[in-house]
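Peer 1: If you scroll down you'll find the structure; I have some questions about it.
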Amino acid sequence: MSNTAGLTAASRLKVVSAGLTDVGRKRNHNEDSFLIDDELQLYVVADGMGGHAGGGTASRIAVETIDKELRRAREGKDNPFLSVPNLQDSPIPEALRTAVEKACLAIYTAAQEDPRLSGMGTTVISLVVRDEHAFFAHVGDSRAYLIRGDLIQQISEDHSLVNEQIKAGMITPEEAKHSRYKNIITRSVGFEEEVQVDVMGLVSEPGDVFLLCSDGLANMLEDREIHEVVAQAQSFEDVPKRLVDFANERGGDDNITVIVVRVAP
């Protein structure tokens with residue numbers, strides 16, 4: 001039996017996904033990258049930084065490395081994608097963490113070898129859906145949301161200066177939206193040789209929608225507005241474009257990237 005046997009046709013058919021990236025209204029190039037790998041049920045959004053060459057390079061290396069590392073893990077003797085009955089015992093969070101750490105090293109190494117790429121880095125928000133579980137690995141201020149029925153909840157915690165200020169009681173969430181420091185992140189992939197990766201998991205329910213996005217979307221729309229677009233869309237495949245258009249109507253201050261993943265009922 002091959003090591004891919006655990007990735008059954010049934011598990012592949014459990015999700016529907018759609019994604020889109022857009023340069024926005026204010027930038028002249030797009031430093032975001034995203035990955036939709038429906039075979040692995042792996043989804044990644046990366047928002048690069050570090051100038052015209054560096055940011056786009058960092059985000060591209062991130063999504064490519066994460067995909068490559070998880071595919072390599074699936075082919076190995078300790079395949080993390082084989083079914084595990086409970087959330088706590090799944091090896092997928094550690095596999096995701098390792099993949100992001102490998103991406104960090106790959107970006108850092110590329111920057112050391114090319115002075116034009118010096119100082120580049122990227123956010124990463126990644127999702128793996130496996131059986132009835134959803135796993136996330138996260139660095140930076142790109143976000144993951146869970147939309148379940150009438151509720152929307154941010155799953156990831158922003159690694160940003162304003163979020164640190166909110167937690168310390170220095171500013172309110174409302175003040176954070178207008179802070180001059182709102183684009184300063186406190187953790188990124190590739191800026192240094194190593195990075196601390198947050199990983200989390202939850203038990204998903206039929207009908208759940210997971211939304212991954214860069215801050216070009218999150219900074220433009222309220223959570224309830226994101227929920228309304230997802231809930232009211234006539235076609236799930238149209239959701240990313242509707243959200244991108246909404247963010248651009250608000251000003252499109254940054255590159256905008258969004259992936260939506262729905263767990264089939």
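Residue numbers (UniProt numbering): 1 to 265.
Yeah, the Cβ is synthetic: ideal placement off N, Cα and C, and Gly gets one too.
1. Measuring alpha carbon to alpha carbon, tell me which residue in V100, L40 and E228 is nearest V199.
2. So, does the segment 193-209 touch the segment 169-179, judging by three or more C-beta pairs under 8 Å?
3. Quick one: what's got a C-beta closer than 6 Å to I184's C-beta in the same chain, skipping five residues either side?
4. Which same chain residues, not among the five before or five after Y145, have their C-beta less than 6 Å away from its C-beta?
5. The beta strand (DSSP E) that contains F246, what's its start and end?
6. Roughly how many angstroms lie between the CA atoms of A95 and D208, to the nearest whole one?
7. Taking R25 as the reference, which of E249, R97, F136 and F135 has the closest Cα?
8. For the beta strand (DSSP E) containing L151, name the first residue and the last one.
9. According to DSSP, is A168 part of a helix, a strand, or is it coil?
10. Roughly how many whole angstroms lie between the Cα atoms of residue 266 and S118?
11. The alpha helix (DSSP H) that contains Y145, what's its start and end?
12. Can you tell which of S214, S188 and E174 has the C-alpha that lies nearest to the C-alpha of I256?
13. Could you check which residue in T123, R130 and E31 has the C-alpha nearest to that of R262?
14. DSSP beta-bridge partners for Y43?
15. In angstroms with no decimal places, state the Cα-to-Cα distance between Q165 and R187.
16. Please look up how many angstroms separate the CB atoms of S90 and H159, rounded, as I've assumed it's under 8 Å.
17. So, with DSSP's three-state summary, where would you put F210?
18. Excluding sequence positions up to five away, which residues of its chain have a Cβ less than 8 Å from the Cβ of R12?
Peer 2: Looking at the coordinates:
1. V100
2. no
3. L161
4. I152, Q154 and L211
5. Counting along the chain, F246 falls outside any beta strand (DSSP E), though it belongs to the alpha helix (DSSP H) covering V239 to E249.
6. 23 Å
7. E249
8. L151 to Q154
9. coil
10. Since the first and last residues shown for the chain are 1 and 265, residue 266 lies out of range.
11. From DSSP, Y145 is part of no alpha helix (DSSP H) but of the beta strand (DSSP E) over R143 to R148.
12. S214
13. R130
14. I36 and L127
15. 15 Å
16. Actually they do not touch by this definition, with Cβ atoms about 24 Å apart.
17. strand
18. The predicted position of R12 is uncertain, since its pLDDT is 44 and thus under 50; a value taken from the coordinates is nonetheless stated next. Result list for R12: D38, E39 and Q41, in chain order.
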